[in-house]
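Peer 1: Before anything else, here's the structure in question.
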Amino acid sequence: MTTATSRHVAIIGAGAVGVVSAIEALRDGHRVTLIDPGEPGGEQAASYGNAGWLSSHSVIPPSEPGVWKKVPGYLMDPLGPLAIRWSYLPKVLPWLVQYLLSGWTEARVEKTAWALRDLLKDAPKLHKVLADEAGVSELIERNGVMHVYPSRAPFDGDLGWRIRKRVGIQWLELNADEMRQREPDLDPRYTFGVLVEEAGRCRNPGGYVAALAAHAMAQGAEIVKAHAKGFRIDNGKLVSVITDSGEISCDAAVIAAGARSKALAASIGDPLPLETERGYHVMITDPGTGPRTSMMASDAKMVINWTDKGLRAAGQVEFAGVDAAPNWKRAEILRENLIGMFPKLPKSISPDRIKVWLGHRPSMPDGRPCIGHARATRDIVYAFGHGHVGLVGSARTGRLVAQLVSGRDPEIPLAPFAPTRFL
Ligand SMILES: Cc1cc2nc3c(=O)[nH]c(=O)nc-3n(C[C@H](O)[C@H](O)[C@H](O)COP(=O)(O)OP(=O)(O)OC[C@H]3O[C@@H](n4cnc5c(N)ncnc54)[C@H](O)[C@@H]3O)c2cc1C
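So the mapping is simple: this note's numbering equals the position in the sequence shown, first residue as 1, plus 60.
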């Protein structure tokens with residue numbers, strides 16, 4: 061279906077953000093071309109191997125007051141949950157300064173929390189609708205996620221939960237007995253838990269994105285396997301997207317290339333501070349034990365989620381750039397942590413039952429994505445920088461992209477996500 065205001069929209073990147081944007085743009089009556097050199101939701105995309113949390117309560121940015129005190133530790137311990145490679149330090153330093161400043165005060169963290177709450181609210185429900193439409197309802201579950209702690213003290217001392225309460229998030233607190241009943245195989249050192257019932261999870265993030273892309277194609281989207289390199293703009297009007305296999309004429313474009321969006325925005329005069337927070341996962345098929353509820357461990361700082369291919373532990377933050385080789389010791393640490401949490405897991409597993417992965421969180425220093433128009437032309441829309449919340453955040457981002465492309469009012473205030481906040 062096309063409407064009088066129908067435009068040809070080229071969407072660069074077929075990760076979660078790109079494919080949901082495609083579906084929502086089609087719903088508005090636009091013609092859509094998705095551009096990606098890889099498979100939609102393929103291993104190259106962060107959307108493939110993330111932890112699968114649809115955590116509408118993940119509103120606290122990674123940088124909080126006092127985090128600067130931990131920076132020396134991040135530099136000294138290359139295998140800690142957050143690490144900065146020495147060789148990459150000069151490159152990442154300006155970004156790190158902005159990161160520390162954006163979380164310098166409680167007020168700044170709370171401002172981001174309110175903004176992210178708008179973006180993420182109802183996300184599990186929105187994803188359920190998308191999954192139903194794409195015929196993969198079984199991939200989205202809405203039965204809560206759990207945070208587990210060795211004691212109540214770190215929870216009580218956590219600014220993040222106090223701010224979550226202020227922005228309207230609710231949860232159940234579980235004592236040691238209640239935890240044991242719910243999670244009999246969890247190591248008994250965990251004696252306190254927080255169950256966030258509004259959150260959901262995805263049982264196969266890569267498969268979900270691939271199914272959404274197939275659904276977009278069934279609705280008329282075209283997919284072009286190419287690498288976008290820049291744009292042709294004439295008198296403030298977009299003419300085409302330039303790719304390594306020719307130009308694609310279009311009258312609107314969306315940059316949704318995840319951690320690789322930076323060069324595309326810079327090519328049209330917007331030097332935005334996008335960095336990759338590299339993360340890892342380890343997957344074990346048929347592990348024989350594990351959590352009943354998807355969970356995050358406060359000490360191991362990783363999420364454990366059942367996928368339809370096995371048990372996945374995902375986490376770690378590594379600053380080393382998009383092109384550096386993976387450090388698979390980090391995936392090994394995830395596996396050790398997993399065994400520490402679920403001692404009944406087999407200590408030795410044949411290699412064919414273990415899969416490891418490295419992915420790139422596309423991160424802005426303040427933990428808020430860039431959603432808005434380019435300065436060079438309103439025909440180009442930015443939809444990148446979702447950091448730790450790009451899967452859960454893709455549902456509303458796609459709707460916002462369609463609203464911007466169609467010239468409609470966005471359904472939430474976009475000022476906190478304006479790319480110009482950094483320019
Ligand atoms: C270990 C880990 C755990 C995570 N856990 C969660 C979680 O539980 N919940 C959650 O919500 N988020 C989580 N995240 C974050 C989430 O995965 C990302 O924020 C999200 O996937 C970003 O989606 P995207 O579509 O912006 O980018 P991507 O999924 O990275 O997709 C970008 C696409 O753009 C393509 N591309 C790149 N350059 C070009 C170009 N020049 N031309 C054309 N195409 C291009 C790529 O091939 C890729 O397919 C996690 C991330 C990691 C690494």
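Even glycine gets a Cβ: it sits at the ideal position worked out from N, Cα and C. From a predicted model like this one, the values you see are computed outputs, not experimental measurements.
May I have the straight-line CA-CA distance separating A434 from T303, to the nearest angstrom?
Peer 2: Going by the C-alpha atoms only, they are around 19 Å apart.
Peer 1: Looking only at its chain, what residues have a beta carbon closer than 6 Å to the beta carbon of P347, apart from the 5 residues adjacent to it on each side?
Peer 2: Here the set comprises L371, L405.
Peer 1: Return the chain-ordered list of same chain residues with a C-beta closer than 6 Å to the C-beta of M356, the five sequence neighbours on each side being excluded.
Peer 2: Excluding positions up to five away in sequence, the list reads H207, V363.
Peer 1: When you compare only the Cα positions, how much space is there between W417 and K361?
Peer 2: Near 17 Å, if we compare the C-alpha coordinates of K361 and W417.
Peer 1: Can you tell me which of the three DSSP states P351 falls into?
Peer 2: Correct three-state label for P351: coil.
Peer 1: Would you identify the three-state DSSP class for V227, choosing helix, strand or coil?
Peer 2: In the structure shown, V227 sits in coil (DSSP, three-state: anything other than H, G, I, E or B).
Peer 1: In this structure, how does DSSP classify Y108 when only helix, strand and coil are distinguished?
Peer 2: In this structure, Y108 counts as helix in the three-state DSSP scheme.
Peer 1: Looking at the strands, I want to know which residues DSSP matches up with V7.
Peer 2: Shown here, the chain extends from 61 to 483; a query on residue 7 therefore has no answer.
Peer 1: For D192, count the other beta carbons within 10 Å of its own beta carbon; 16 or more makes it buried, fewer makes it exposed. Which is it?
Peer 2: Per the 10 Å Cβ criterion, exposed.
Peer 1: Take Y134 as the anchor and find which of A194, E378, P470 has the nearest alpha-carbon.
Peer 2: Looking at the Cα atoms, E378 is the closest of the given residues.
Peer 1: Any heavy atom of ligand 1 closer than 7 Å to the Cβ of P97?
Peer 2: Yes.
Peer 1: Smallest Cα separation from I72: which of V92, S66, L86?
Peer 2: Checking every option, the nearest Cα to that of I72 belongs to V92.
Peer 1: Which class does A213 belong to by DSSP, given the choice of helix, strand or coil?
Peer 2: It is helical.
Peer 1: Please confirm whether any heavy atom of ligand 1 lies closer than 7 Å to the CB of H448.
Peer 2: Yes, the Cβ of H448 comes within 7 Å of a heavy atom of ligand 1.
Peer 1: With DSSP collapsed to three states, give me the class of I393.
Peer 2: DSSP places I393 in helix when its eight states are reduced to three.
Peer 1: Under three-state DSSP, which class holds P422?
Peer 2: Residue state, collapsed to three classes: strand.
Peer 1: Shorter than 7 Å, the distance from the beta carbon of L156 to the closest heavy atom of ligand 1, or not?
Peer 2: False, no ligand heavy atom lies under 7 Å from that Cβ.
Peer 1: Determine the direct distance from the alpha carbon of T457 to that of H420, and round the result to whole angstroms.
Peer 2: Answer to the nearest angstrom: the Cα atoms are 19 Å apart.
Peer 1: Using the Cβ count rule (16 or more neighbours within 10 Å means buried), how would you classify S197?
Peer 2: Exposed, by the Cβ-count rule.
Peer 1: Say the cut is 7 Å; is the CB of A374 nearer than that to a heavy atom of ligand 1?
Peer 2: True, at least one ligand heavy atom lies under 7 Å from that Cβ.
Peer 1: Compute the minimum distance between the beta carbon of Y340 and the heavy atoms of ligand 1, and state whether it is under 7 Å.
Peer 2: Flag set: Cβ of Y340 near ligand 1.
Peer 1: Which residues in the same chain have their Cβ closer than 6 Å to the Cβ of A74, if we skip the five residues on either side of it in sequence?
Peer 2: Result list for A74: L94, D96, P100, A273, in chain order.
Peer 1: Where DSSP assigns a beta bridge to L288, which residues make up the other side?
Peer 2: For the record, residue 288 in the displayed sequence is Ala; it is not Leu. A288 pairs with T303.
Peer 1: Verify the contact flag: S115, CB atom, against every heavy atom of ligand 1, threshold strictly below 7 Å.
Peer 2: Because some heavy atom of ligand 1 lies under 7 Å away, the Cβ of S115 counts as near it: yes.
Peer 1: Helix or strand or just coil, what does DSSP make of V461?
Peer 2: Three-state DSSP puts V461 in a helix.
Peer 1: Compute the distance between the beta-carbons of R261 and G453, then report whether it is under 8 Å.
Peer 2: Contact flag unset, no.
Peer 1: Return the bridge partner residues of W221 from the DSSP annotation.
Peer 2: W221 pairs with nothing; no bridge assigned.
Peer 1: Could you spell out the range, first to last residue, of the beta strand (DSSP E) harbouring L139?
Peer 2: Taken as a continuous stretch (DSSP letters only), L139 belongs to no beta strand (DSSP E), as it is neither H nor E.
Peer 1: Go ahead and label K130 buried or exposed: buried means 16 or more other beta carbons lie within 10 angstroms of its beta carbon, across all protein chains shown.
Peer 2: Result: exposed.
Peer 1: Please tell me whether, using a cut-off of 7 Å, the distance from the CB of Q104 to the nearest non-hydrogen atom of ligand 1 is below it.
Peer 2: Yes, the Cβ of Q104 comes within 7 Å of a heavy atom of ligand 1.
Peer 1: Taking contact to mean 3 or more Cβ pairs, one atom from each stretch, closer than 8 Å, check whether the region 383-403 and the region 278-297 are in contact.
Peer 2: Touching, no, given that fewer than three Cβ pairs across the two stretches are closer than 8 Å.
Peer 1: Counting only the same chain and skipping the five closest in sequence on each side, list residues whose C-beta sits under 8 Å from that of L199.
Peer 2: The residues are A191, C262, R263, N264, G267, Y268, A271, D368.
Peer 1: Please list the terminal residues of the continuous alpha helix (DSSP H) segment that includes D78.
Peer 2: The question names Asp, but residue 78 is Gly in the sequence shown. Note, G78: alpha helix (DSSP H), 76-87.
Peer 1: Tell me the DSSP bridge mates of I431?
Peer 2: For I431, which the question treats as bridged, DSSP gives the partners A443.
Peer 1: Using the Cα positions of L86 and S327, report the straight-line distance between them to the nearest angstrom.
Peer 2: Their Cα atoms are separated by approximately 27 Å.
Peer 1: Quick test of the definition: if touching needs 3 or more C-beta pairs under 8 Å, does the region 219-231 touch the region 296-311?
Peer 2: No, they do not touch.
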